[in-house]
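A short write-up of the structure that comes next.
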Amino acid sequence: MLKKKPTPNWVRLYLPELLRGFYITSKHFWINLLGFIPGLDRVIKKEVVTYQWPEVERPISDRWRGKHRHNRREDGSTKCVACYCCSTVCPAQCITIEAGETREDAVTEKVPTRFDINLFECVYCGMCVEACPCDAIYMDTKEMRMCEYTPDKFVIGLKELLK
Amino acid sequence: MNLDALLTLKLQCLWALVAFGAVSSLAGLLTWGERKQVSLIQDRIGPNRANLRFIRNWRLFGLFHIIADAVKSMTKEDFVPAGAYKWMHLLAPLISLGVSFIAFAVVPFAGPFTIRWRDVPAVEIPLLGQFFPGQTLHLSHFPVSFQAADLNVGILFVLAVGAFLVYGVLMAGFASNNKFSFLGAMRAASQMFSYEIALGLSIIGVILIYNSTNLSVIVERQGALIFGIIPKWGIVTQPLAFILFFTCGLMEIKRIPFDAPEGESEIVAGYFLEYSGAKFMMFLFSEYVELIMLAAMCAVLFFGGWQIPFVSQAGISIPLLHVQFAWTDLPWVAAHKALGIELVNLAVVLAQAGFFAFKVVAFCWIMVTVRWTFPRFRYDQIMRLGWRRILPLSMVNIVLAVGIVLVEDKFKPVIQKVLGY
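Those protein sequences? They're chains U and C, same order as listed. Numbered according to the working numbering, the first sequence terminates at residue 1611, and the numbering increases by one at each position without gaps. Numbered according to the working numbering, the second sequence terminates at residue 711, and the numbering increases by one at each position without gaps.
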């Protein structure tokens, strides 16, 4: 059984604990205030964690999932073979693929003639990347700013993906 | 009315304007300063994005947010809920803001100053002189006091104004036709009434020790020295009273940790829930003015008001260490005689006003830090703290104050003899 310890009397007096809390917050204040003064910032290390976005970019991890892109072959065409794995596995069902027949040089049997991803519907889970057998689709652009004026601009096609 | 009285009246009007301007600009600054301070406490940077479009990236640490906020609130819809008492709804923020400014009338913000120039006959005064034929303006010895109204009942006036603060809150709560607003107003009323008793009792110790209810007299007497070295400030003679007064004051201005009337997590925004735009801004502004009022009262009653330790109009003196320095000893002052003394006195007055402003700002800083440190008390805890802890303690404090007065009367000559000053 858990026995509850009685609160010490000096804690129940309340004022010392208030003063301790006051000390902690004011310490943060003065460290951060003095840390902003040029020259003093070498001595006092400020604890502010704010990034001045968009002027200063926040470092993004390699594992971070952002806007999609397609991998290219050496000749510049997409690696995608329109196998529909990604659109099948996609939980948001935001990938629309239309397959076309053989390429002219016959490297693969199928190519996508249309590969649309709706970035509005995408949940950025990364399952399409896992499912892809040809290493074609990636989400490592580290692009997080996707701003447009109309929803239809958020549907990106092959041209955008191959950029 | 003679010319002297007219000049005094003019000066008082001037000081009223000065106090109003200083307080409202400080309150405006606080709306920005509080957000900036809390962000530093929480390891953030705080508002710094507002800028004037025509000068790029000139942001002044976010000072333009004050203007941005004002413009935003003025251009918002002024919403009056259906079923509200329209006039009371309008009157409540006006009362809150108006009343909170009044108390500054009795706050002395610099030491007494005497103009020693020459008597000016009415003939030499342009415009106004013709109304007072044959009189003279006695500028050869003209005392100036730096406060809008030198009331003998200064402390009682402040308490009375403090009691008036509850009306704006109550009216807002009643007029809004909203149950949350009503709850907030009831909470505010009960807690403000119950703490006013303790607020009044905690000041009695100060009144006893400085033997006056006049704020300027209290401040002047705080310039004395205990044992010839410790300034006789209220915090030295009445430390317990200061803690009680500060706590009750926080309660009176409804600030965290006693902001149950607002209580976001329980009753949305309390009594000003149904206010928007300019009226809401007035409530917010009046809260900051009340904060400055409490800061000023703490400074006046417990931290010597405009007193700078050891420095006076005569010079610097610390009797215990036998330090004695008169301003007339300065070669420049001695060379210029009357004018030199007058300029030095003016400089001292300015320094005192600056020191008083510093104390007020320091207290504002403390109150903002308090707000972002302590959690909110529950309503029953507030009542228990008020009636069962602070009220008895403030009565004990009166007994202590009486003891201090007795000891001081009996032993002051003895102590002076022993310490040898």
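Each residue gets a CB set at the ideal place from its N, CA and C atoms; glycine is no exception.
| query | result |
| --- | --- |
| Member of U/Arg1490, U/Cys1534 and U/Thr1561 whose CA lies at the smallest distance from the CA of U/Gly1574 | U/Cys1534 |
| Cut-off 7 Å between Cβ atoms - residues of its own chain near C/Val623, not counting five sequence neighbours on either side | Trp617, Gly630, Ile631 and Val634 |
| Min CB distance C/Asp333 to chain U below 7 Å | yes |
| Sequence-distant residues of the same chain with beta carbon closer than 6 Å to C/Gln597, five excluded per side | Gln512 and Gly513 |
| Assigned secondary structure, U/Val1571 (DSSP; H/G/I helix, E/B strand, else coil) | coil |
| At least 3 beta-carbon pairs within less than 8 Å: the stretch 1590–1597 of chain U vs the stretch 386–405 of chain C | no |
| The stretch 418–426 of chain C in contact with the stretch 485–504 of chain C per 3-pair CB rule at 8 Å | no |
| Whole-angstrom C-beta distance between C/Ile519 and C/Ile385, which should lie under 8 Å | That pair is no contact at about 47 Å. |
| Sequence-distant residues of the same chain with beta carbon closer than 6 Å to C/Glu564, five excluded per side | Pro371, Ser466, Asn468 and Ser471 |
| Distance between C/Pro416 and C/Phe593 (C-alpha atoms, nearest Å) | 43 Å |
| Endpoints, the alpha helix (DSSP H) within which C/Pro621 is located | Pro621 to Arg661 |
| Cβ shell of C/Cys538 (< 7 Å), same chain only, five flanking positions each side left out | Tyr485, Ala488, Leu489, Ser492 and Ile680 |
| CB contact below 7 Å: U/Thr1498 versus chain C | yes |
| 8 Å contact criterion, which C/Gly474 and C/Tyr375 should meet: CB distance rounded | Contact doesn't hold; Cβ gap of about 16 Å is too wide. |
| Neighbour flag for C/Thr663 against chain U, beta carbons, 7 Å | yes |
| Contact with chain U by C/Thr757, beta-carbon distance below 7 Å | Since the displayed chain C opens at 291 and closes at 711, residue 757 of chain C lies outside it and no answer follows. |
| Cβ-based burial, C/Val361 [other Cβ within 10 Å; buried from 16] | exposed |
| Contacts of U/Leu1461 in chain C (Cβ-Cβ under 7 Å) | Near U/Leu1461 there are no residues of chain C at all, since even the closest Cβ is about 11 Å away, more than 7 Å. |
| Span of the beta strand (DSSP E) around U/Asp1564 | Val1559 to Asn1566 |
| Beta-carbon proximity check, U/Cys1582 vs U/Val1537, cutoff 7 Å | no |
| Between the CA atoms of C/Phe653 and C/Ile543 - distance to the nearest angstrom | 14 Å |
| Assigned secondary structure, C/Val509 (DSSP; H/G/I helix, E/B strand, else coil) | helix |
| Contacts around C/Asp359, its chain only, beta-carbon distance under 7 Å, and the 5 residues preceding and following it disregarded | Thr321 |
| Terminal residues of the beta strand (DSSP E) in which C/Leu427 lies | Thr426 to His428 |
| Cβ shell of C/Leu449 (< 8 Å), same chain only, five flanking positions each side left out | Glu486, Leu489, Gly490 and Ile493 |
| Segment contact flag, the stretch 1503–1518 of chain U with the stretch 1591–1606 of chain U, C-beta cutoff 8 Å, min 3 pairs | yes |
| Contact with chain U by C/Leu293, beta-carbon distance below 7 Å | no |
| Spatial neighbours of C/Gln706 in its chain, beta-carbon cut-off 7 Å, leaving aside the 5 residues before and after | none |
| Proximity test, Cβ basis, 7 Å: C/Leu584 and chain U | no |
| Reduced DSSP category for U/His1649 - H, G, I as helix; E, B as strand; rest coil | Because chain U in this structure spans residues 1449 to 1611, residue 1649 of chain U falls outside the shown range and cannot be described. |
| Residue of C/Val590, C/Thr663, C/Gln528 and C/Gly567 minimising C-alpha distance to C/Lys649 | C/Val590 |
| Contacts that C/Leu350 makes with chain U (C-beta to C-beta distance below 8 Å) | Within 8 Å Cβ-Cβ: nothing; C/Leu350 doesn't reach chain U, min ~14 Å. |
| Residue-chain proximity (U/Thr1473, chain C), Cβ-Cβ < 7 Å | yes |
| Residue range of the alpha helix (DSSP H) that includes C/Glu580 | Gly567 to Phe592 |
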